[in-house]
Structures are given as structure tokens and as C-alpha cells.
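What follows is a single structure, written as C-alpha cells, with notes after it.
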Amino acid sequence: MRIMLFILLAAGLVRAQSIHQLIDQSIKKHPSLQTIQYRLSAMDERIEESQNFSNPDLSLTINDIQFDNPSDRSLEPMQYNAINFQQKFPWFGKLDARKTFTQAQRSVIMDSYEVAKLKLSEEIRMTAYTIKELEARINIVNRYKAVAKQNIDLYTSYASTENKSHTNSMSASLMLSKIKIRAERYKMLLKSQKAKLKYLVQGKVSSISDRLHINRPKPLYDYLSKSQNNPNYNMKLSKKNVADANKAIQDLSINPDPYVKVGYFNRSDYPDYASVTVGFSLPLYGSEKLRSEAARKEVLAAVSDSLDYKSSLESEIDIIYAKLTEAYQIYNIIQNESLPQLEHMFELSQSSIQKGGDMFAYTNLLEQKLALEEQRISIKAEFLRTQARLKSLIGEL
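Below you can see the structure in the form of C-alpha cells.
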């Protein structure tokens with residue numbers, strides 16, 4: 020029998036997965052990340068395409084068609100058939116500028132991929148810690164449910180000897196009903212959180228091996244010093260690089276692209292000949308300079324946006340770190356002060372009951388102890404969820 024229990028326990032441990040394993044599994048399989056990966060792959064073709072010349076123009080000309088005799092093409096030298104080929108050549112540096120611009124756009128998409136990965140890992144952590152919290156709450160209320168049933172039996176046994184026993188029994192029954200209601204609510208919430216986790220990791224999760232264990236928070240400086248790793252901040256910088264690259268393109272656009280046009284002319288009964296034309300567009304109306312100035316202002320806007328986000332990020336780290344330390348302090352108060360004091364009162368109440376004391380006070384203490392143990396579980400989970408948010412802000416998966 021012991022061997023069977025050991026085998027079942029070992030099998031359960033094998034099926035249990037850590038949060039890190041769930042995150043790795045999700046990154047490999049989640050369709051939202053695969054969507055961004057396809058966009059990244061498409062950018063490789065766009066980078067290659069940025070180095071191509073614009074398509075040439077090819078035209079066929081039939082000149083001087085005489086209405087009196089349209090089919091006769093030998094009436095005069097001006098009658099000819101021509102094939103024309105025209106190609107525009109980008110001004111020096113324009114191809115490199117286009118490539119830099121496209122590469123900067125790809126960097127933005129790459130940063131968005133990192134943002135999506137980080138958001139996904141944060142959601143997995145949040146959901147996993149909530150699941151562990153609900154499982155712990157269910158275990159606690161089930162334990163107290165058994166204690167409440169024992170109390171009802173105890174109060175019933177005193178019914179013939181004590182006038183207050185009926186009131187005590189009713190109080191214990193009411194406590195049991197409250198615990199049952201709480202247990203059902205937790206089961207419903209647990210079911211919904213498991214469904215959410217199933218979507219996040221793209222697969223069924225039997226159990227999570229991580230425990231609700233907390234340590235003293237790291238110093239605030241450790242988080243602030245890593246704020247530059249935030250992928251949202253890096254994406255702001257990448258957008259600034261896109262604006263820079265676009266300004267370079269607009270600056271170069273002031274220089275018009277020359278084109279070369281080559282034509283071959285065929286004439287019946289007359290010598291064939293060729294023509295060569297070189298030309299370019301005239302930037303007479305100042306549109307290129309206006310676009311360049313607009314691009315310069317977009318660069319300034321991107322710089323201001325990145326500075327604003329960095330300041331906002333540091334402020335958010337400060338705020339969330341304050342919540343983290345608050346949760347840690349509350350946990351210490353519950354663990355080291357409230358619960359030991361209540362445990363002592365609980366022992367005194369049990370001793371009083373053995374001497375014929377009021378059982379109603381014992382039931383009241385039991386409810387307080389249940390609420391405090393649940394609060395301890397809740398604050399531990401809240402600490403870990405807050406820590407997960409901080410990790411996300413500094414770019415840690």
C-alpha cells in the first residue's frame with residue numbers, strides 16, 4: 020500500500036510544472052507571439068526590397084499614322100515605330116537610407132515581440148499565484164469545515180446539561196454554512212483561473228509546483244537600475260530611431276532622382292536611329308523641405324515621448340515597490356504578531372471550555388482565526404503578484 024501511495028505521489032510530482040516551465044511552454048506555442056514572428060519574417064523581405072530600384076517604364080510608340088492610308092508606314096521619314104525604356108536612379112545614399120529606415124521599423128516590431136512575451140509571462144505569473152492562493156484557501160476552509168462539524172457535535176452532546184448549548188450549536192451551524200459558501204465561491208474562482216491559465220500556456224496544467232513563499236524585497240535601487248531593460252521603453256527608443264531614419268530620407272529627397280530614357284526608332288525605307296534622354300523632376304514648390312521639417316519635429320516628439328515614458332516608468336516602479344514593501348510588512352505582522360496572539364487566546368478559550376466556559380466565545384475566536392489565516396495566504400499571493408509586476412517593469416521574464 021505504501022509503495023502504491025509513493026508511486027501516485029511521484030506521478031503527481033512529475034505532472035506538476037513550475038511557473039518558469041509554463042512560461043517557456045507558452046512562448047513556444049502561443050499564437051499571439053507567432054503572429055508577431057510572422058511580421059518579423061515579413062520585414063526581412065521588406066529590407067531586401069528597400070535596396071531595389073523602382074520598376075522601369077517600357078513603352079511602344081507608333082508615330083504619324085496617316086488616316087488616308089493607315090497601313091502604309093513608308094510615306095515619310097517621320098513615320099516610325101519606337102520602343103522606349105526609362106529607368107530612374109536613386110540619388111546617392113537614398114538606398115542606404117531606405118534600408119536603415121526599414122531596419123528601424125523591424126526593431127520596433129522586435130521590441131513589440133519582447134513586450135508581448137513579457138506581458139504573457141506576467142499574466143501567467145499572476146494567474147498561477149492566484150490559483151495557488153485559491154487552492155490554499157480551499158484547504159484552509161475545508162480544515163475549518165471539519166472543525167465546525169466537530170463543534171456542532173460537541174455542542175449537541177452538552178444539550179442536556181447546559182442552557183446555552185442550543186445557541187452555541189446554532190452559532191456553530193451558522194459558521195459551517197458560511198464556510199461552505201466560501202468554499203463553493205473559491206471553487207468557482209479556481210475553475211475560471213485554471214481556464215485562463217490553459218489559454219495562456221496553450222495546454223492543460225494539472226498542478227503548479229511553485230509554493231507561496233516570500234522573501235525580503237530587494238532594495239528599490241535594484242529595480243530602478245534595471246528600468247532601461249523595459250521593452251516598452253526600448254520600443255520608444257526604436258520609434259525615435261525610425262523618426263531619425265525617416266528624417267534622413269526626407270533630407271535626401273530634396274535631391275531629385277535622375278532618370279535615363281533610351282529609345283529605339285524603326286522606320287520603313289529609312290535608316291533606324293536611337294535616342295537618349297536624361298532628366299529629373301524639379302523641386303520648385305518646396306514640398307521636400309516641408310516634409311523634412313515635419314520629419315525633424317517628429318524626431319523631437321519621439322525624443323520627448325521616450326523621456327516622458329522613462330520618467331513615468333521610474334514613478335510606477337516607486338509606487339509598486341511601495342505596495343510590495345507594504346505587503347511584506349503586513350505579512351510579518353500577521354505571521355509574527357496577530358496569529359501568535361490569536362493562537363494564545365484560542366488555547367485559553369479551549370481551556371475555559373474544558374472548565375465549563377462559554378463556547379460562543381470559542382466559535383468567535385475560531386472564525387477570527389480562519390479569517391486571519393486566509394488573510395495571510397492572501398497577502399502572500401498579493402506580494403508575489405506585485406513582485407511579478409515589478410519583474411515585468413524591469414524586463415525580466
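So for the sequence shown, my numbering puts the first residue at 20; every next one is plus one.
Every residue gets a Cβ at the ideal spot worked out from N, C-alpha and C, and that includes glycine.
Discussion item. Considering Cα atoms alone, identify which of L332, S323, A400 is closest to S411.
Written reply: Checked all of L332, S323, A400; the closest Cα to S411 is L332.
Next on the checklist: Here's the rule I'm using: 16 or more other beta-carbon atoms within 10 Å means buried, otherwise exposed. How should M207 be labelled?
Outcome noted: Classification for M207: exposed.
Inset, instruction - Report the partner residues of T146 according to the DSSP bridge assignment. - result: The partner list for T146 (beta bridge, DSSP) is empty, contrary to what the question assumes.
| query | Is A35 helix, strand or coil by DSSP? | reply | Three-state DSSP puts A35 in coil, outside helix and strand.
- Message: Once the 5 residues before and after L209 are set aside, which same chain residues still bring their CB inside 6 Å of it?
- Response: So the list reads L153, once near-sequence residues are dropped.
Judging by CA-CA distance, which residue of F104, V127, V166, L216 is the nearest neighbour of N141?
For clarity, residue 141 is Glu in the given sequence; the question names Asn instead. Checking every option, the nearest Cα to that of E141 belongs to L216.
Whole runs of the alpha helix (DSSP H) within the segment 302-390, excluding any shorter than 4 residues: The qualifying runs are 306-352, 358-373.
*Specify the secondary structure class of L28 as computed by DSSP and reduced to three states.*
With a pLDDT of 48 at L28, under the threshold of 50, the modelled position of that residue is not reliable, and no figure is offered here.
Checklist entry - How should E362 be labelled, buried or exposed, when 16 other C-beta atoms within 10 angstroms of its C-beta is the threshold for buried? => result Around the beta carbon of E362, fewer than 16 other beta carbons sit within 10 angstroms, so the residue counts as exposed.
Q) In three-state DSSP terms, what is K223? A) Correct three-state label for K223: coil.
query: Whose CA, out of I102, S51, N88, Q70, lies closest to the CA of N285?
result: Of I102, S51, N88, Q70, the residue nearest in Cα terms is I102.
### Task
Alpha carbon to alpha carbon, how far is Y304 from Q98? Give it in angstroms, no decimals.
Approximately 39 Å between the Cα atoms of the pair.
(Q) I'd like to know if the segment 33-52 and the segment 213-232 are in contact, where contact means that at least 3 CB-CB pairs between them fall below 8 Å. (A) They touch, by the three-pair rule.
Check your understanding: To the nearest whole angstrom, what separates the beta carbons of L409 and Y340, a pair I think is in contact under 8 Å?
Key -> Between L409 and Y340, the beta carbon gap of about 7 Å places them in contact (Cβ cut-off 8 Å).
Next on the checklist: If you follow the alpha helix (DSSP H) that I268 is in, where does it begin and where does it stop?
Outcome noted: Start and end: 250-271.
Are there three or more Cβ pairs, one per stretch, closer than 8 Å when the segment 126-139 is compared with the segment 347-362? Because the criterion of three Cβ pairs below 8 Å is not met, the segment 126-139 and the segment 347-362 do not touch.
Other residues of its chain near I336: CB distance less than 8 Å, five sequence neighbours each side excluded:
Sequence-distant Cβ neighbours of I336 in its own chain, meaning closer than 8 Å and more than five residues away, are L239, Y242, L243, S246, L409, L412, I413.
Next on the checklist: Rounding to the nearest angstrom, what Cα-Cα distance links R156 and P50 in this structure?
Outcome noted: Their Cα atoms are separated by approximately 33 Å.
- Of the residues L195, G222, A61, which one's Cα is nearest the Cα of K47? Residue G222 is the option with its Cα nearest to K47.
| query | At which residues does the beta strand (DSSP E) containing Y289 begin and terminate? | reply | Note, Y289: premise wrong, no beta strand (DSSP E); not H, not E.
Q.
When you compare the segment 103-112 with the segment 271-280, are there three or more beta-carbon pairs, one atom per stretch, that lie closer than 8 Å?
A. Because the criterion of three Cβ pairs below 8 Å is met, the segment 103-112 and the segment 271-280 touch.
Could you tell me if the beta carbon of A314 falls within a distance shorter than 7 Å of some heavy atom in the ligand SAH? As for the ligand SAH, it is missing from this structure, which has no ligand bound.
* To do: Between the Cα of F120 and those of K266, S190, N249, T54, spot the shortest distance and give me the residue it belongs to.
  => Checking every option, the nearest Cα to that of F120 belongs to K266.
* To do: Check whether the Cβ atoms of V318 and D263 lie closer than 8 Å to each other.
  => Contact: yes.
| Where DSSP assigns a beta bridge to I102, which residues make up the other side? | I102 pairs with L79, Y283.
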